[in-house]
Each structure stands twice: as structure tokens, then as C-alpha cells.
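Following: one structure in C-alpha cells, then a few remarks.
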Amino acid sequence: MIVRSFRVGVTALILLVGPGLSFSGAADLKIPPSPGRWVTDTAGFLSPGTIQTLDARLEAYAQQTGHQVIVYIGKSTEGYSIEEFAVKAFQAWAVGRKGLDDGVALFIMAEDRAVRIEVGYGLESVIPDITAGRIINDIMIPKVRAGDADGAVSDAVSAILGTISGEAAPGTPKPGKNTGQAILIIFGIIVFLIIFLTNPSLALWLLINILSGGGRRSGGGGFSGSGGRSRGGGGFGGWGRGGGGGGFSGGGGRSGGGGASGHW
Numbered sequence: 020m021i022v023r024s025f026r027v028g029v030t031a032l033i034l035l036v037g038p039g040l041s042f043s044g045a046a047d048l049k050i051p052p053s054p055g056r057w058v059t060d061t062a063g064f065l066s067p068g069t070i071q072t073l074d075a076r077l078e079a080y081a082q083q084t085g086h087q088v089i090v091y092i093g094k095s096t097e098g099y100s101i102e103e104f105a106v107k108a109f110q111a112w113a114v115g116r117k118g119l120d121d122g123v124a125l126f127i128m129a130e131d132r133a134v135r136i137e138v139g140y141g142l143e144s145v146i147p148d149i150t151a152g153r154i155i156n157d158i159m160i161p162k163v164r165a166g167d168a169d170g171a172v173s174d175a176v177s178a179i180l181g182t183i184s185g186e187a188a189p190g191t192p193k194p195g196k197n198t199g200q201a202i203l204i205i206f207g208i209i210v211f212l213i214i215f216l217t218n219p220s221l222a223l224w225l226l227i228n229i230l231s232g233g234g235r236r237s238g239g240g241g242f243s244g245s246g247g248r249s250r251g252g253g254g255f256g257g258w259g260r261g262g263g264g265g266g267f268s269g270g271g272g273r274s275g276g277g278g279a280s281g282h283w
């Protein structure tokens, strides 16, 4: 609880004053415009058929439940951590409904061999960090290493939707947490500011580890094929192939850095 509260507080602080911080260079991180589809692939990671199928599935799911679940596949974050990219992209694209914050984003950077599940505030109790980590490490990564990128992403989406299926009709969100939670958040922000002022490098290391959600795990050897259908040089890439549905439009949701990351 303390770690989660600290992460939420620090993330909120970074989003408020991030442009003024120079210790990580995050202000220079460029986030693509909000994707117009539920599944966006700028790296040629998935087959066209899988993109179409998943896009239609996620659009139907959003229409039926209200939850927004998106998949964004790029080439590289170009030196930035996937956690930095995920937090900023989720914020910029406003995944999920305003007030409910019930969005989930699956980010994949093919050339970095990195994956991140970013969870909105409202679903952090439904998809805790350990669950997101298991989806990545137990479901996704083995299939990616085996050369089955389509199966890896499809199964990850199924696991995400299955995990939140019991929360399809959330009630009206409460305006805030209890007093104890608020105190922990404030305390976390104060501690982070003290560390940042005395040791910026330690603050950066701590922030990255907190945002990684405990699910980050690198693997040696393994995959060097299916996900490597990327074309061209580095970077996020241009607008890739999307599905053919009505399209994604952010609803005003927020994330506090909940979720997990992994590498293959």
C-alpha cells in the first residue's frame, strides 16, 4: 500500500512539474498523436489479419463495457525507458473514461524488445502489478520468443479482458481515497522531493523502479524473428496499420504508473 501510494503521488508530481525537470530528459520525449484505432502497429509486428481482428474485438468491448483497452506497437523509445513513454502516452491519449479512469494500454516497442501494460487508476485493484507482470512474463514473452507475435498479443489481450470482465459496470467513482491513503501519498511526494534535491541520480533510479511495477524481467537469448518484421530505422515510426472499426478516442482517463514491464 505504501509503495503504491508513493508511486501514485510521485507520478502525479511528475505530470504536474515534469517539463521543468531535467534530470531524465523526459521533457524531450516525443509522444505520437493519439491513435485513431484500438490497435496501432507502426513496426510491422503483427499480421494484418490479427490487427483487424483485435481492433474489432476491442471496439466491441468498449461499446459493451465502457472500458477502453488499446494496443500500441512502435519501434523504439530511442533511449527512454518504456515506463516513461507509457506514462506520458497514457496521459496524452487519456485512455479510459474521465472520472472512472478505467483504461488499459498495452505498449510494445519491437526494436527495444520491450513491453508494458499501463493500467488506469480505476482498474489498479483489478489488474494489480503482479497480475500485469504475469500476463507479460507467463503469457506474452514465451510466445514472442517462439516467433508467435500474433499469438502473444492476442493472448495478452484475452488475459487483460478476462481479468477485468467482472468489472464491466463500475459504480460511480468516489471523489477521493480515505485520509490515511492521502497522507501516504503526501508523504511519498515529500520523500521523493528530498531525495531529488539531495541525489537526483538516486531519485531517477528510484522512480524508474517504482514505475516498472515489479514486473520487469529481461531474458537472455531467445526471440529474434517474428517481432523483427519491423521496417526502416528507429523511432516510433509513422502511422502504421490499424483496424477498420469506428476508431479510438480518449475519454479522459488517467494512470498513476500502475502496471508492469518486461523484455524478451
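All residue numbers for the sequence shown refer to this note's numbering, where the first residue is 20 and numbers rise by one. Each residue gets a CB set at the ideal place from its N, CA and C atoms; glycine is no exception. The structure displayed is predicted, hence computed values, not measured ones.
Residue 126 sits in a strand when the DSSP states are folded into three classes. Of the candidates 102, 143, 278, the residue whose Cα lies closest to the Cα of residue 223 is 102. Around the beta carbon of residue 83, a 10 Å sphere encloses fewer than 16 other beta carbons of the protein chains shown; the residue is thus reported as exposed. Nearest in C-alpha terms to residue 170, of all of 155, 183, 182, is 155. Contact between residue 175 and residue 142 does not hold, since the beta-carbon distance rounds to 15 Å and is not under 8 Å. Closest in C-alpha terms to residue 268, from the list 49, 48, 53, comes 53. Taking C-alpha positions only, residue 107 is separated from residue 50 by approximately 7 Å. CA-to-CA, the gap between residue 182 and residue 153 works out to about 12 Å. The secondary-structure analysis by DSSP pairs residue 137 across a beta bridge with 124, 278. Your pair residue 132 and residue 283 checks out as a contact, with CB atoms roughly 5 Å apart and the cut at 8 Å. Using a Cβ distance threshold of 8 Å, residue 90 and residue 172 count as a contacting pair. With respect to residue 266, residue 55 sits close: the two C-beta atoms are nearer than 8 Å. According to the DSSP secondary-structure assignment, residue 87 is paired through a beta bridge with 122. For residue 47, there is no enclosing alpha helix (DSSP H), as DSSP gives it neither H nor E. Judged by their CB atoms, residue 276 and residue 87 are not nearer to each other than the 8 Å cut-off. Ranked by how close their Cα comes to the Cα of residue 139, the residues 179, 206, 59, 128 have 179 in first place.
Within the stretch 144-190, the complete alpha helix (DSSP H) runs of at least 4 residues fall at 148-153, 160-164, 168-183. Out of 74, 65, 80, the CA that lies nearest to the CA of residue 184 is found in 80. Bridge pairing for residue 270: 116 [DSSP]. Straight through space, the alpha carbons of residue 280 and residue 274 are spaced by roughly 15 Å. In this structure, the straight-line span from the alpha carbon of residue 72 to that of residue 58 is close to 9 Å. Looking from the CA of residue 168, the closest CA among 204, 127, 207, 145 belongs to 127.
Judged by their CB atoms, residue 278 and residue 122 are not nearer to each other than the 8 Å cut-off. In this structure, the beta-carbon distance from residue 214 to residue 221 falls below 8 Å. Scanning 129, 120, 74 for the CA closest to the CA of residue 94 turns up 129.
In the three-state reduction of the DSSP assignment, residue 131 falls in the coil class.
Per the C-alpha coordinates, the member of 120, 111, 160 positioned closest to residue 146 is 120. At a Cβ-Cβ threshold of 8 Å, residue 104 and residue 96 count as neighbours.
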